[in-house]
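Report on one structure; see the data block that follows.
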């Protein structure tokens, strides 16, 4: 009987690690690497959009500037997410903060997916900023949630699983980038497909684990 309880608890902990990791630092690694593959496609899209608006193509140095902004808005959003992580973790708790953090990813996926139809490279810029905010939140709250939820003897190993999911996200971004043969594959169709795959388990599995005990004790809930 005791062995069965331990086995069930271990499975729940493993599912919690996977759900938090796939919905958290996996996204950080994925968005860090996915932007490399469609470089030329996004630059072409930016130039075509500008030419459709003004009738004149963008000079090469301005195309490079726009591309640099798209890339750099992701790390720029990170500090804002990191600053937001503390108040969210205290106010909502670790688990609910991770769930609320999915809002940024949902909005970013929508912006990426409809940027070409809307003819707006600014939507890509805003989407990159939002996923940067999401990465800042998840990089701070995910290790906190897993470390406080895990048994004492596994706490260090479980908290360090965040780095594993970051590496997996980087690898996935590179793999998806291999299929960047068309202009829309990476930041539209593939972006939404990968997001849908990795977000589905997040709202469900952590509910079975519940909020970490350290936070509930601090709130006087137990």
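Numbering (my numbering), first residue to last: 2 to 223.
Each residue gets a CB set at the ideal place from its N, CA and C atoms; glycine is no exception.
Small disclaimer: the values here were computed from a predicted structure and weren't measured.
If we call anything under 8 angstroms between Cβ atoms a contact, is residue i one with residue j?
i           : j           : result
residue 131 : residue 108 : yes
residue 136 : residue 46  : no
residue 129 : residue 71  : yes
residue 167 : residue 26  : yes
residue 35  : residue 138 : no
residue 134 : residue 113 : no
residue 147 : residue 21  : yes
residue 101 : residue 84  : no
residue 179 : residue 126 : no
residue 145 : residue 95  : yes
According to the neighbour-count rule (16 or more other Cβ atoms, all chains shown, within 10 Å of its Cβ), is residue i buried or exposed?
i           : result
residue 56  : exposed
residue 150 : buried
residue 223 : Here the model assigns residue 223 a pLDDT of 34, short of 50, so the residue's position is not dependable and the matter cannot be decided.
residue 143 : buried
residue 103 : buried
residue 141 : buried
residue 247 : In the structure as shown, the chain begins at 2 and stops at 223. Residue 247 is therefore absent and cannot be evaluated.
residue 110 : buried
residue 157 : exposed
residue 159 : buried
residue 183 : Residue confidence for residue 183 is low, a pLDDT of 49 falling below 50, so the modelled location carries little weight; the figure read from the coordinates is stated next. Classification of residue 183: exposed, given that the 10 Å Cβ count is below 16.
residue 11  : exposed
residue 32  : buried
residue 152 : exposed
residue 163 : buried
residue 206 : Confidence at residue 206 is low in this model, with a pLDDT of 43, below 50, so its placement is unreliable and the value that follows should be read with caution. Residue 206 should be labelled buried.
residue 39  : buried
residue 23  : buried
Return helix, strand or coil for residue i, following the three-state DSSP convention.
i           : result
residue 144 : helix
residue 186 : Any reading at residue 186 must be qualified, since the residue scores a pLDDT of 47, below 50, and its modelled position is unreliable; the value itself is stated next. Helix.
residue 121 : coil
residue 1   : In the structure as shown, the chain starts at 2 and stops at 223, and residue 1 therefore has no counterpart that could be examined.
residue 83  : helix
residue 58  : coil
residue 133 : helix
residue 20  : helix
residue 110 : helix
residue 161 : coil
residue 151 : coil
residue 11  : helix
residue 179 : coil
residue 128 : helix
residue 25  : coil
residue 93  : coil
residue 6   : helix
residue 196 : Confidence is the limiting factor: at residue 196 the pLDDT is only 47, short of 50, which leaves the residue's position unreliable, though a coordinate-based value still follows. Note: residue 196 maps to helix in three-state DSSP.
Review point. Quick one: any contact between the stretch 120-128 and the stretch 39-58, if contact means 3 or more CB pairs under 8 angstroms?
Key: Counting C-beta pairs with one atom in each stretch, the stretch 120-128 and the stretch 39-58 have three or more that are closer than 8 angstroms, which means they touch.
Exercise for review: Inspect the CB distances between the stretch 159-177 and the stretch 109-119 and report whether three or more fall short of 8 angstroms.
Suggested key: No: fewer than three Cβ pairs fall under 8 angstroms.
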